[in-house]
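Residue numbers (this note's numbering), protein chains in the order written: chain A, 1 to 149; chain B, 150 to 298.
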């Protein structure tokens, strides 16, 4: 599976989240060319404070040894928050492919400072989808990133 | 409730985790002098890659607005990993009280660089408990912190 297909899985999961009434941020984890897991933000669906797109994807991948993470790329529709970036650093995932960072950006410098390769696709469809969603759901979005209304 | 009592709740949760066969790291969240939540590492119990002591505690606290986190202190038996530190930074928890950092330390500089107050109790009981546990469970511990065996 190539990067474009793995990213499409993350974006499809974000759109599924939106259809569920959730926050539309999705992620996928590619290891040795195979999709190990897909995930999406579960704040609304599970009432969760820790299941963001990337962390939910890593949770769905299950308990893995360091050697698996070392061969992985994580795809995410939105630039990671500090929690998700910290999770990527904990497990030493060497490469992060980001759909867009115009609606949010908090951790790319931190990731790069630890040697993580950060690729920003600047995907127009993702950007428009998420911008429209934020405009319709400002309070939920602020809650998700720990900001006051 | 004072700091010592809140810390005792985190340590008790760590010991409960050990009794369950889990990784003995516990946490508690104090808001306005009341214990909002307690949590512990759930790698073994839930097969989880993201429920560390601190993240499980924050999950157990439920969805909260930024104003609640802003008045909170998180207590943890072990110095936070980068995932847990990132979670503390995401939610702008202003104060972290750590039982011990002699068995593990990865994020105190990052936390302080973001203005978080970091207090290390250097608690002898916690240190001994965790050192003994690591010596008996080196593979599980390495998995939890993303290290190769």
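Glycine residues also receive a C-beta, built at the ideal position from the N, C-alpha and C atoms.
These figures come from a predicted structure and were not determined experimentally.
- Within the chosen definition, does the stretch 40–54 of chain A reach the stretch 151–170 of chain B through at least 3 CB pairs nearer than 8 Å? No, because fewer than three Cβ pairs between the stretch 40–54 of chain A and the stretch 151–170 of chain B fall closer than 8 Å, the two stretches do not touch.
- If you draw a straight line from the C-alpha of residue 87 of chain A to the C-alpha of residue 151 of chain B, how long is it? The sequence position of residue 87 of chain A within the first chain is 87, counting from 1. The sequence position of residue 151 of chain B within the second chain is 2, counting from 1. Computed Cα separation, rounded: 31 Å.
- Any C-beta of chain B under 9 Å from that of residue 115 of chain A: The sequence position of residue 115 of chain A within the first chain is 115, counting from 1. With 9 Å as the cut-off, residue 115 of chain A does not count as an interface residue toward chain B.
- Which residues, taken in chain order from the stretch 269–289 of chain B, show a beta carbon closer than 7 Å to some beta carbon of chain A? When C-beta distances to chain A are compared with 7 Å, every residue of the stretch 269–289 of chain B stays at or above that value.
- Is the CB of residue 45 of chain A under 9 Å away from at least one CB in chain B? Taking the first residue of the first chain as position 1, residue 45 of chain A is located at position 45. So no, residue 45 of chain A is outside the interface.
- Message: If I measure Cβ to Cβ from residue 106 of chain A and keep anything under 6 Å in the same chain, skipping five residues before and after, which residues do I get?
- Response: One-based indexing of the first chain puts residue 106 of chain A at position 106. The answer, listed in chain order, is 81 and 82.
- Message: Counting only C-beta atoms, is residue 73 of chain A closer than 9 Å to chain B at any point?
- Response: Walking along the first chain from the start, residue 73 of chain A turns up at place 73. For residue 73 of chain A, the closest Cβ of chain B is not nearer than 9 Å.
- Show which residues of chain A have a CB atom less than 8 Å away from the CB atom of residue 243 of chain B. Working through the second chain from its first residue, we reach residue 243 of chain B at position 94. Under the 8 Å cutoff, chain A gives no residues; its nearest Cβ is about 12 Å from residue 243 of chain B.
- Query: Apart from the five residues just before and just after residue 185 of chain B, which ones in its own chain have a Cβ nearer than 6 Å to its Cβ?
  - Reply: On the second chain, residue 185 of chain B is found 36 positions in, with the first residue counted as 1. Non-local C-beta neighbours of residue 185 of chain B in its own chain, meaning closer than 6 Å and more than five positions away in sequence, comprise 178 and 210, ordered along the chain.
- Task: Would you tell me roughly how many angstroms separate the C-alpha atoms of residue 132 of chain A and residue 126 of chain A, rounded to the nearest one?
- Result: For this step, residue 132 of chain A is matched to residue 132 along the first chain. For this step, residue 126 of chain A is matched to residue 126 along the first chain. If you take the alpha carbons of residue 132 of chain A and residue 126 of chain A, they lie about 10 Å apart.
- Query: Is the CB of residue 214 of chain B under 9 Å away from at least one CB in chain A?
  - Reply: Counted from its first residue, the second chain places residue 214 of chain B at position 65. Interface residue, yes.
- Are residue 142 of chain A and residue 215 of chain B close, meaning C-beta to C-beta below 9 Å? Residue numbering aside, residue 142 of chain A sits at position 142 when the first chain is read from its first letter. Residue numbering aside, residue 215 of chain B sits at position 66 when the second chain is read from its first letter. With respect to the 9 Å criterion, residue 142 of chain A and residue 215 of chain B are classified as neighbours on the basis of their beta carbons.
- Task: Give a yes or no on whether 9 Å exceeds the smallest Cβ distance from residue 172 of chain B to chain A.
- Result: For the purposes of this step, residue 172 of chain B is taken as the residue at position 23 of the second chain. By this cut-off, residue 172 of chain B is not an interface position.
- Query: Grouping DSSP H, G and I as helix and E and B as strand, with all else coil, what is residue 221 of chain B?
  - Reply: Position 72 of the second chain, counted from the start, is the residue given in the question as residue 221 of chain B. Note: residue 221 of chain B maps to strand in three-state DSSP.
- Message: Rounding to the nearest angstrom, what Cα-Cα distance links residue 257 of chain B and residue 287 of chain B in this structure?
- Response: The residue labelled residue 257 of chain B in the question sits at position 108 within the second chain. The residue labelled residue 287 of chain B in the question sits at position 138 within the second chain. For residue 257 of chain B and residue 287 of chain B, the distance between alpha carbons rounds to 23 Å.
- Same chain only: Cβ atoms within 6 Å of residue 259 of chain B, ignoring 5 sequence neighbours per side: Within the second chain, the letter at position 110 stands for residue 259 of chain B. Hits under 6 Å: 234.
- Spatially closest choice to residue 248 of chain B from B:227, B:238, B:267 and B:240, by CA coordinates: Locating residue 248 of chain B in the second chain gives position 99, counting from the first residue. Considering only B:227, B:238, B:267 and B:240, the residue with the shortest C-alpha distance to residue 248 of chain B is B:227.
- Task: State yes or no: is the beta carbon of residue 247 of chain B nearer than 9 Å to at least one beta carbon in chain C?
- Result: Checking the listed chains, one finds no chain C in this structure; the protein chains it contains are A and B.
- Proximity below 9 Å, CB of residue 24 of chain A to CB of residue 43 of chain A: Sequence index remark: in the first chain, residue 24 of chain A carries index 24 (1-based). Sequence index remark: in the first chain, residue 43 of chain A carries index 43 (1-based). No; because the gap between Cβ atoms is not below 9 Å, this pair is not in contact.
- Query: For residue 212 of chain B, which option in B:158, B:264, B:240 and B:220 has the closest C-alpha, if you only look at C-alpha atoms?
  - Reply: Translated into positions along the second chain, residue 212 of chain B becomes position 63. Closest by alpha carbon: B:240.
- Message: Suppose you measure from the CA of residue 8 of chain A to the CA of residue 238 of chain B; what does that come to, to the nearest Å?
- Response: Translated into the one-based positions of the first chain, residue 8 of chain A becomes position 8. Translated into the one-based positions of the second chain, residue 238 of chain B becomes position 89. Cα-Cα distance, rounded: 30 Å.
- Between A:22, A:5 and A:10, which lies nearest to residue 136 of chain A when the distance is taken from Cα to Cα? To locate residue 136 of chain A, count along the first chain from 1; it is residue 136. Taking only the C-alpha atoms, the option nearest residue 136 of chain A is A:22.
- Task: Mind checking which residues open and close the beta strand (DSSP E) that includes residue 37 of chain A?
- Result: As a position in the first chain, residue 37 of chain A is number 37, starting the count at 1. Annotation: the continuous beta strand (DSSP E) that includes residue 37 of chain A extends over 34–40.
- Task: Check the Cβ-Cβ distances between residue 231 of chain B and every residue of chain A, and say whether any is below 9 Å.
- Result: Here residue 231 of chain B refers to the residue found at position 82 of the second chain. Yes, contact with chain A.
- DSSP on residue 44 of chain A, reduced to helix/strand/coil? For the purposes of this step, residue 44 of chain A is taken as residue 44 along the first chain, with counting starting at 1. Assignment of residue 44 of chain A by DSSP, reduced to helix, strand and coil, places it in the helix class.
- Query: Closest by CA to residue 205 of chain B, which one among B:225, B:217, B:219 and B:220?
  - Reply: Working through the second chain from its first residue, we reach residue 205 of chain B at position 56. Ranking B:225, B:217, B:219 and B:220 by Cα distance to residue 205 of chain B puts B:225 first.
- Query: Can you list, in chain order, the stretches of the alpha helix (DSSP H) that have 4 or more residues and sit fully within the stretch 96–130 of chain A?
  - Reply: Secondary structure in the stretch 96–130 of chain A: the alpha helix (DSSP H) runs of 4 residues or longer, each lying completely within the stretch, are 108–113 in chain order.
- Query: What first and last residue would you give for the beta strand (DSSP E) that runs through residue 27 of chain A?
  - Reply: Counted from its first residue, the first chain places residue 27 of chain A at position 27. Per DSSP, residue 27 of chain A is one residue of the beta strand (DSSP E) stretching across 26–31.
- Task: Taking 9 Å as the cut-off, decide whether the C-beta atoms of residue 146 of chain A and residue 218 of chain B are in contact.
- Result: Walking along the first chain from the start, residue 146 of chain A turns up at place 146. Walking along the second chain from the start, residue 218 of chain B turns up at place 69. Taking 9 Å as the Cβ cut-off, residue 146 of chain A and residue 218 of chain B qualify as a contacting pair.
- Query: Is residue 165 of chain B close to chain A, meaning its C-beta is less than 9 Å from at least one C-beta of that chain?
  - Reply: Translated into positions along the second chain, residue 165 of chain B becomes position 16. For residue 165 of chain B, the closest Cβ of chain A is not nearer than 9 Å.
- Going straight from the alpha carbon of residue 182 of chain B to that of residue 267 of chain B, what length do you get? Along the second chain, read from residue 1 onward, the residue named residue 182 of chain B stands at position 33. Along the second chain, read from residue 1 onward, the residue named residue 267 of chain B stands at position 118. Going from the Cα of residue 182 of chain B to the Cα of residue 267 of chain B covers about 18 Å.
- If you drop the 5 nearest sequence neighbours on each side, which residues of the same chain put their C-beta closer than 6 Å to that of residue 93 of chain A? By one-based count along the first chain, residue 93 of chain A stands at place 93. Closer than 6 Å at the Cβ level, and outside the excluded window around residue 93 of chain A, lie 69, 72 and 74.
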